[in-house]
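Protein chains in written order, with my numbering: chain A, 3 to 275; chain B, 3 to 275. Cβ atoms here follow ideal geometry from the backbone N, Cα and C, with glycine treated the same way. This report refers to the structure that appears directly beneath it.
There are 2 protein chains.
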Amino acid sequence: MTDVTPVAGPLRLAIIDTDSGFVQVLTNRLDRLGWEHRVLSSGVGVDRLVAMRLGALVIDVAVLGPQAWDYLARVTAALPALPIVVCTGQSTVAQRVRGLRLGADDWLTKPCHPEELIARVEAVSRRRRQGDAEAGEAITAGELEIRPDQFQAFANGRSVDLTRREFELIALLASAAGRVLEREEIYQRVWGYTMAHGDRSVDVFVRKLRAKLTNASPDWEYIHTHFGVGYRFAAVWAGEVADSSDAAVVSAHAPAVTQAPAEPLVPSVSPAR
Amino acid sequence: MTDVTPVAGPLRLAIIDTDSGFVQVLTNRLDRLGWEHRVLSSGVGVDRLVAMRLGALVIDVAVLGPQAWDYLARVTAALPALPIVVCTGQSTVAQRVRGLRLGADDWLTKPCHPEELIARVEAVSRRRRQGDAEAGEAITAGELEIRPDQFQAFANGRSVDLTRREFELIALLASAAGRVLEREEIYQRVWGYTMAHGDRSVDVFVRKLRAKLTNASPDWEYIHTHFGVGYRFAAVWAGEVADSSDAAVVSAHAPAVTQAPAEPLVPSVSPAR
DNA sequence: CCACTTGTGAAAATCCTGTGTCCGTGACCG
DNA sequence: CGGTCACGGACACAGGATTTTCACAAGTGG
């Protein structure tokens, strides 16, 4: 059996710390692991953090002084999905509890071994990724095949020519296995940070996706809108549209019948090769 | 400032430890928090753990002796979604790294403050819920199935075509499992803010719901009015109503627990009971 | 019978999503 | 270095879908 759930791949992480000795040792280790990293000597704006598209953040709250709590709160508010490991000197139980409650995922006391820090970052990241479909497994639904290994979807063997964002969006929806996903959740998991009020990005990308999908696989509908909620992925055959008769009949009282045929079509996951 | 993502509610957790003093202090604190807990003095079979439907597991690997690693591996293999916090005495960096790589989410060294342990359990659980499908389980009553993952209710497999508010209302009522809910409370929990005096929104939505439900499942009544109080959800068979009298009387007052299986508590929400 | 509550139907006010267009950025190319 | 292009993101608008509000009718309890 699988004994260890490996972290999918090298992480990109930022380290906010000024302890040069510690940072030196740590970055050496990270280099050997092939992890991208960036060392910051002070709290940078949340916007900057967002732009870095981090996989995890390691932070010594001592660097931030009295504003540490506030900073931590702002980061976790803007990037709820970002794993945060606090690694700092002596601290009281109350401080640790406060940090953890504010959204930190782990709190490690210096001096500490870089290997342990890395293991903790991995442990936290592992949790975050879980829930997403295992990377590397193709998802098939209708005429569509979504291949994470290629960052691309195919319809009848031909590439749908999705951009990165488009691919991530369709992959997320498809991996949700028929569940309705709210815009907030979609945004947070694809874009990585909290959606600003009134942001229509998700809608816009859904439109782009639908356009490309309709083009590549005209007889199927894949992304369904749930008014006031969000979107749901499901492959539905839409080749024969009998709009003339039956639709009119029930339109007055039974609007539900629109999707009468056994709809709960869940995408099937097939093992990647 | 402010928002600390709170753990949704009390967790159910198991503690594998033999240190009676520590366990005593910890369980006291847990009781005050209202968390369900169970103390085990040795590693129980993985099947037993599965049956407990835990929200988290706290474990002192010292209790397990040399088989600790193997046990940890088996647990994480069987319950990859279960948050695990190791809380044990002195350990080496290598041991901690091994434990974390094996799937433990956190590793805390005794002696430790129960509050910190709790904060760490919360931190880990917070992550888990984020990744996991946070949608609760479906609720079934009469011909009706309420599916939180779809933001929709189904009657005999067909969608009832509820709007978001309608869905939230029926979901709230149904999850109250037969309790009468006052309008104020309903409004507060569905709309999110306090009801203005004279607002009839709840009534209006109940009416819309009844219309759609009657349409989708004519032989059942689901929402019952309690004059001067509020509404109550309960599936009641109303197919053949003997017009005489007794039948009507019964339907009006009977507790009518045609609910799903027998669960005194909420019908069926995921890990909670 | 009176004072209140709740059920109804429809109009009015809002909110939501689909769509088209425009703009800044960064990669690529001549 | 300037021009082009693909992309991601920001708006604005329009057509619907949904939610609120209102005025009344109907029902309940004392």
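So which residues on chain B does residue i lean against when the C-beta distance must stay under 9 Å?
i                : result
Asp108 (chain A) : Asp107, Asp108, Arg122, Ala125, Val126
Phe229 (chain A) : Thr165, Arg166
His199 (chain A) : Neighbours of His199 (chain A) on chain B: none; closest Cβ ~15 Å, over 9 Å.
Leu171 (chain A) : Neighbours of Leu171 (chain A) on chain B: none; closest Cβ ~18 Å, over 9 Å.
Leu59 (chain A)  : Correct list: empty, because the minimum Cβ distance to chain B is about 14 Å.
Report yes if the CB atom of residue i is closer than 8 Å to the CB atom of residue j, and no otherwise.
i                : j                : result
Ala173 (chain A) : Tyr224 (chain A) : no
Leu81 (chain A)  : Tyr195 (chain A) : yes
Val41 (chain B)  : Pro116 (chain B) : no
Gly45 (chain B)  : Ile17 (chain B)  : no
Ala237 (chain A) : Leu146 (chain A) : yes
Gly230 (chain A) : Thr165 (chain B) : yes
Arg100 (chain A) : Val126 (chain B) : no
Leu35 (chain B)  : Val123 (chain B) : no
Gln97 (chain B)  : Thr111 (chain B) : no
Thr29 (chain B)  : Ser43 (chain B)  : no
Arg185 (chain B) : Gly232 (chain B) : yes
Would you identify the three-state DSSP class for residue i, choosing helix, strand or coil?
i                : result
Thr20 (chain B)  : coil
Gln154 (chain A) : strand
Ser161 (chain A) : strand
Leu81 (chain B)  : coil
Val60 (chain A)  : strand
Thr196 (chain B) : coil
Leu175 (chain A) : helix
Asp245 (chain A) : Residue confidence for Asp245 (chain A) is low, a pLDDT of 44 falling below 50, so the modelled location carries little weight and cannot support an answer.
Glu170 (chain B) : helix
Val46 (chain A)  : coil
Glu124 (chain B) : helix
Ala256 (chain B) : For Ala256 (chain B), the predicted structure reports a pLDDT of 33, less than 50, and the residue's modelled location is therefore unreliable. A value from the coordinates is still provided. Coil, per DSSP.
Thr7 (chain A)   : Note on Thr7 (chain A): pLDDT 44, under 50, position unreliable in the model; no value is reported.
Ala75 (chain A)  : helix
Ala53 (chain A)  : helix
Ala140 (chain A) : strand
Pro68 (chain A)  : helix
Arg212 (chain A) : helix
Asp205 (chain B) : helix
Gln92 (chain A)  : coil
Pro113 (chain A) : coil
Run through chain A and tell me which residues come within less than 8 Å of residue i, C-beta to C-beta.
i                : result
Glu147 (chain B) : In chain order: nothing, as chain A lies at least about 11 Å away.
Arg34 (chain B)  : Chain A residues near Arg34 (chain B): none, gap ~15 Å exceeds 8 Å.
So residue i contacts chain B; which residues on that side make the cut at Cβ distance below 7 Å?
i                : result
Val77 (chain A)  : Simply none; closest approach about 12 Å.
Glu118 (chain A) : Val95, Arg98, Val99
Val238 (chain A) : Correct list: empty, because the minimum Cβ distance to chain B is about 13 Å.
His115 (chain A) : Val95
Leu84 (chain A)  : Per Cβ cutoff of 7 Å: no residues; Leu84 (chain A) is ~11 Å from chain B at best.
Leu13 (chain A)  : Near Leu13 (chain A) there are no residues of chain B at all, since even the closest Cβ is about 15 Å away, more than 7 Å.
Name, in chain order, the residues that DSSP records as bridge partners for residue i.
i                : result
Val87 (chain B)  : B:Val60, B:Asp108
Gly232 (chain B) : B:Glu184, B:His228
Arg40 (chain B)  : B:Ala16
Glu145 (chain B) : The partner list for Glu145 (chain B) (beta bridge, DSSP) is empty, contrary to what the question assumes.
Trp239 (chain A) : A:Trp222
Could you name the residues of chain A that residue i contacts, counting a contact when the two beta carbons are closer than 9 Å?
i                : result
Arg31 (chain B)  : Residues of chain A passing the Cβ test: none, with the nearest at roughly 12 Å.
Leu211 (chain B) : By Cβ distance, chain A contributes nothing, its closest Cβ being about 14 Å from Leu211 (chain B), past 9 Å.
Arg191 (chain B) : Within chain A, no residue comes near Arg191 (chain B); the closest Cβ sits about 17 Å away, beyond 9 Å.
Compute the minimum distance between the beta carbon of residue i and the heavy atoms of the ligand ZN, and state whether it is under 7 Å.
i               : result
Gln97 (chain A) : Absence of the ligand ZN from the depicted structure is noted, as is the absence of any ligand whatsoever, leaving it without description.
Taking residue i as the query, report the chain A residues whose CB atoms sit under 7 Å from its CB, ordered along the chain.
i                : result
Phe153 (chain B) : Val182, His228, Val231
Give the interface partners of residue i over in chain B, defined as CB-CB distance under 8 Å, in chain order.
i                : result
Arg160 (chain A) : Per Cβ cutoff of 8 Å: no residues; Arg160 (chain A) is ~32 Å from chain B at best.
Leu66 (chain A)  : The contacting residues do not exist; Leu66 (chain A) stays about 15 Å from chain B at best.
Arg40 (chain A)  : The premise fails here: Arg40 (chain A) is roughly 23 Å from chain B at the closest Cβ pair, so nothing lies under 8 Å.
Task: At least 3 beta-carbon pairs within less than 8 Å: the region 156-170 of chain B vs the region 213-229 of chain B - done: Enough Cβ pairs lie closer than 8 Å, so yes.
Task: Three-pair Cβ contact test at 8 Å for the region 78-88 of chain B versus the region 97-104 of chain A - done: Under the three-pair Cβ rule at 8 Å, the region 78-88 of chain B does not count as touching the region 97-104 of chain A.
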